[in-house]
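Under this note's numbering, the first residue of the sequence shown is numbered 493, with each subsequent residue one higher.
Using N, Cα and C, we set each Cβ at its ideal position, and we do this for glycine too.
Computed from a predicted model, the values in this text were never measured in an experiment.
Taking it in order: structure first as structure tokens, then the write-up.
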Amino acid sequence: MSEAAGGLAATMTGFARTLRAAGVGADHERTRALLSALCHLDVTRPADLYWAGRLTLCAGPDDLPRYDRCFQAYFGGRTASRRPAGTVTVTRHTLALGEEAGDDTGEGEDAGAPGSASRTELLRHRDVAALTEAERAEVHRMLAMLSAGRAVRRSRRFEPAARGRLDQRRTIREALRKGDVARLLRRSHTVRPRGVVLFVDVSGSMAPYAETLLRFAHALVRSRPRATRVYSVGTRLTPITAELRHRDPGTALDAASRAIPDWSGGTRLGEELKEFLGRRHARGDIVVIASDGWERGDPSLLGAQVARLARQAYRVIWVNPHKGYEDYEPLTGGMRAALPYLDDLVAGHSLAAYEALSERLAHA
């Protein structure tokens, strides 16, 4: 793939993620259809870019207004509209983050390269700890619209299927009812969403990220309420799944905040994981630990408990906000103790990192 083609693919994949965050059905199949269509079009023409995306990424009429707003924001405020004669013109706006489109700056002017990043796209990659209140509110709004997919696992239950193992009981019952064995009926295992157990560190060192992590946890709970368990960890292990089930993110976060007694304290993650494993289990689940690894307890205890989790869980993923920086090294005692037993160590500092984590949970 050429450098230009790779840049276009990255730009359009980011655009599809933005659409999914806004509730548009721009799934991976539709994104691949868009990239295939752009191979046959002039991508320097905003009209071709607009209509190719609209025809491939939108799943229904309800997606069209959201598509137009996202296209306007993502590509520097360019939207396409039809004249009565059927020709396509491009109107360019200057759009500030969190504001409505202003006056036209010109019609039919050269729109430039379609891959210019909007402020919204730049915001996706910024560290949430460095954002202003308005910028953080915008990130939280996009997190609330995150479509959190989930990998599936085979269940012990069966359902009728065209292929699979022979369903003797149904075959015999049908033969008795019809008086003859007309066909052999089959069955296969059903599938269900794979469970996720999320531990969110609310200690003092994680204070800049704790609220955003809880917003992400709310999106997970809302998408799969029966397959998601969330606990806050600090000096105490606190289950907060029930509080996060409320539809409104603000109401859910307020309820979770009232339930957590140890905000901005220390971290005794080893003791809390031991308490969890003594009462519950994570067999076959994906365990996500969101922490910076500053363990005030015994690091060897933390390592032993993560090892126990790894023997039970399908995967153990550690989300560390500092992993988003190129010079990061896992030097804290907690991280060094847990690292040998982790399947993944990923970043957790930005909206793009949470989107990547959501994708990882959807395809684990």
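Legend entry - Reference serine 850; option with closest CA among Ala751, Val713 and Leu769: If we check each option's Cα against that of serine 850, Val713 comes out closest.
Legend entry - Rounded separation between valine 631 and arginine 616 - CA only: Taking the straight line joining both Cα atoms gives about 7 angstroms.
Legend entry - Cβ-based burial, glycine 590 [other Cβ within 10 Å; buried from 16]: Note that glycine 590 scores 37 on pLDDT, short of 50, meaning its location in the model is unreliable; the coordinates nonetheless yield the value given after this. By the neighbour-count rule (16 or more Cβ atoms within 10 Å), glycine 590 is not buried but exposed.
Legend entry - Residues bridged to leucine 823 [DSSP beta-bridge criterion]: Looking at the DSSP assignment, leucine 823 forms no beta bridge with any residue, so it has no partner.
Legend entry - Three-state secondary structure assigned by DSSP to proline 576: Low per-residue confidence applies at proline 576: pLDDT is 35, beneath 50, and the placement is therefore not dependable enough to give any value.
Legend entry - Span of the alpha helix (DSSP H) around valine 798: It spans 791-804 - the alpha helix (DSSP H) in which valine 798 sits, taken as one unbroken run.
Inset, instruction - Flag this pair as touching only if the region 744-760 and the region 661-668 have three or more C-beta atom pairs under 8 angstroms; answer yes or no. - result: Flag = no, the region 744-760 and the region 661-668 do not touch.
Inset, instruction - With a floor of 4 residues, list each alpha helix (DSSP H) that falls wholly inside the region 713-785, ordered by position along the chain. - result: Taking only runs of at least 4 residues, the alpha helix (DSSP H) segments lying wholly in the region 713-785 are 741-751 and 761-771.
Inset, instruction - Pick out whichever of Tyr833, Pro822, Gly826 and Tyr817 has its Cα sitting closest to the Cα of arginine 845. - result: The residue asked about is misnamed: residue 845 is alanine in this sequence, not arginine. Taking the Cα of alanine 845 as reference, the smallest distance to any Cα among Tyr833, Pro822, Gly826 and Tyr817 is reached at Tyr817.
Inset, instruction - Quick one: using the 10 Å Cβ neighbour count with 16 as the cut-off for buried, is glutamine 564 buried or exposed? - result: Residue burial is scored here from C-beta neighbours: glutamine 564 has at least 16 other C-beta atoms within 10 angstroms and is therefore classed as buried.
Legend entry - Backbone secondary structure at leucine 615 - three-state DSSP: It is helical.
Inset, instruction - Put phenylalanine 567 into one of helix, strand or coil per three-state DSSP. - result: Secondary structure of phenylalanine 567 (DSSP, three-state): coil.
Legend entry - DSSP three-state assignment for threonine 503, whether helix, strand or coil: Helix.
Inset, instruction - Find out if the Cβ-Cβ distance for the pair isoleucine 752, valine 689 is shorter than 9 angstroms. - result: Against a cut-off of 9 angstroms, the Cβ pair of valine 689 and isoleucine 752 comes out as no contact.
Inset, instruction - Work out the CA separation of histidine 841 and histidine 814 for me, nearest whole Å. - result: Distance between the alpha carbons of histidine 814 and histidine 841 is about 7 angstroms.
Inset, instruction - Could you please give me the residues that DSSP links to histidine 841 through a beta bridge? - result: According to DSSP, which records beta bridges pairwise, histidine 841 is partnered with nothing at all.
Inset, instruction - Say whether the region 645-652 touches the region 675-687, bearing in mind that this needs 3 or more beta-carbon pairs closer than 8 angstroms, one atom from each stretch. - result: Short answer: they touch.
Legend entry - Host alpha helix (DSSP H) of histidine 520 (start-end): DSSP places histidine 520 in the uninterrupted alpha helix (DSSP H) bounded by 520-530.
Inset, instruction - Give a yes or no on contact between the region 740-752 and the region 792-807, applying the rule of three or more CB pairs nearer than 8 angstroms. - result: With a cut-off of 8 angstroms on Cβ pairs, the region 740-752 is not in contact with the region 792-807, counting fewer than three such pairs.
Inset, instruction - Out of Gly785, Ala856 and Thr727, state which residue places its alpha-carbon closest to the alpha-carbon of arginine 807. - result: Among Gly785, Ala856 and Thr727, the Cα nearest to that of arginine 807 is on Ala856.
Legend entry - Contact between the region 728-747 and the region 781-794 (3+ Cβ pairs under 8 angstroms): They do not touch, by the three-pair rule.
Inset, instruction - Please work out which residues of its chain come closer than 6 angstroms, Cβ to Cβ, to glutamate 521, disregarding the five sequence neighbours upstream and downstream, and give them in chain order. - result: Hits under 6 angstroms: none found.
Inset, instruction - Alpha carbon to alpha carbon, how far is aspartate 693 from tyrosine 559? Give it in angstroms, no decimals. - result: Spanning the two alpha carbons is a distance of roughly 36 angstroms.
Legend entry - Where arginine 857 sits in the DSSP three-state scheme: Not covered by the structure: residue 857. The range shown for the chain is 493 to 856.
Inset, instruction - List the whole-angstrom C-beta distance separating threonine 510 from tyrosine 566, where the pair is believed to meet the contact cut-off of C-beta under 8 angstroms. - result: With a contact defined as Cβ atoms closer than 8 angstroms, threonine 510 and tyrosine 566 qualify at about 6 angstroms.
Inset, instruction - Spell out the partners DSSP gives arginine 657 in its beta bridges. - result: Arg679, per the DSSP bridge assignment.
Legend entry - Cβ-Cβ distance between serine 639 and tryptophan 786 below 9 angstroms: With respect to the 9 angstroms criterion, serine 639 and tryptophan 786 are not classified as neighbours on the basis of their beta carbons.
Inset, instruction - Count the CB pairs spanning the region 705-723 and the region 649-658 that are closer than 8 angstroms, and state whether there are at least three. - result: By the Cβ rule, the region 705-723 does not count as touching the region 649-658, because fewer than three pairs are nearer than 8 angstroms.
Inset, instruction - Go ahead and label histidine 532 buried or exposed: buried means 16 or more other beta carbons lie within 10 angstroms of its beta carbon, across all protein chains shown. - result: Using a 10 angstroms sphere on the CB of histidine 532, the tally of other CB atoms stays under 16, which defines it as exposed.
Legend entry - Straight-line gap, arginine 662 to alanine 854 (C-alpha atoms, nearest Å): Going by the C-alpha atoms only, they are around 34 angstroms apart.
Legend entry - Of the listed residues Arg775, Val811 and Gly770, nearest to arginine 803 (C-alpha basis): Among Arg775, Val811 and Gly770, the Cα nearest to that of arginine 803 belongs to Arg775.
Inset, instruction - Tell me whether the beta-carbon of phenylalanine 650 lies closer than 9 angstroms to the beta-carbon of arginine 679. - result: Taking 9 angstroms as the Cβ cut-off, phenylalanine 650 and arginine 679 qualify as a contacting pair.
Inset, instruction - Compute the Euclidean distance between the alpha carbons of alanine 636 and arginine 772, then round it to the nearest angstrom. - result: So the alpha carbons of these two residues sit roughly 29 angstroms apart.
Legend entry - Sequence-distant residues of the same chain with beta carbon closer than 6 angstroms to glutamate 592, five excluded per side: With a pLDDT of 37 at glutamate 592, under the threshold of 50, the modelled position of this residue cannot be trusted; read the value that follows with caution. Contacts found: none.
Inset, instruction - Please name the residue, chosen from Ser715, Arg611 and Arg728, that lies closest to arginine 737 on a Cα-to-Cα basis. - result: Arginine 737 has its Cα closest to that of Ser715, out of Ser715, Arg611 and Arg728.
Legend entry - Rounded separation between leucine 706 and glutamate 767 - CA only: Their backbone Cα atoms lie some 21 angstroms apart in a straight line.
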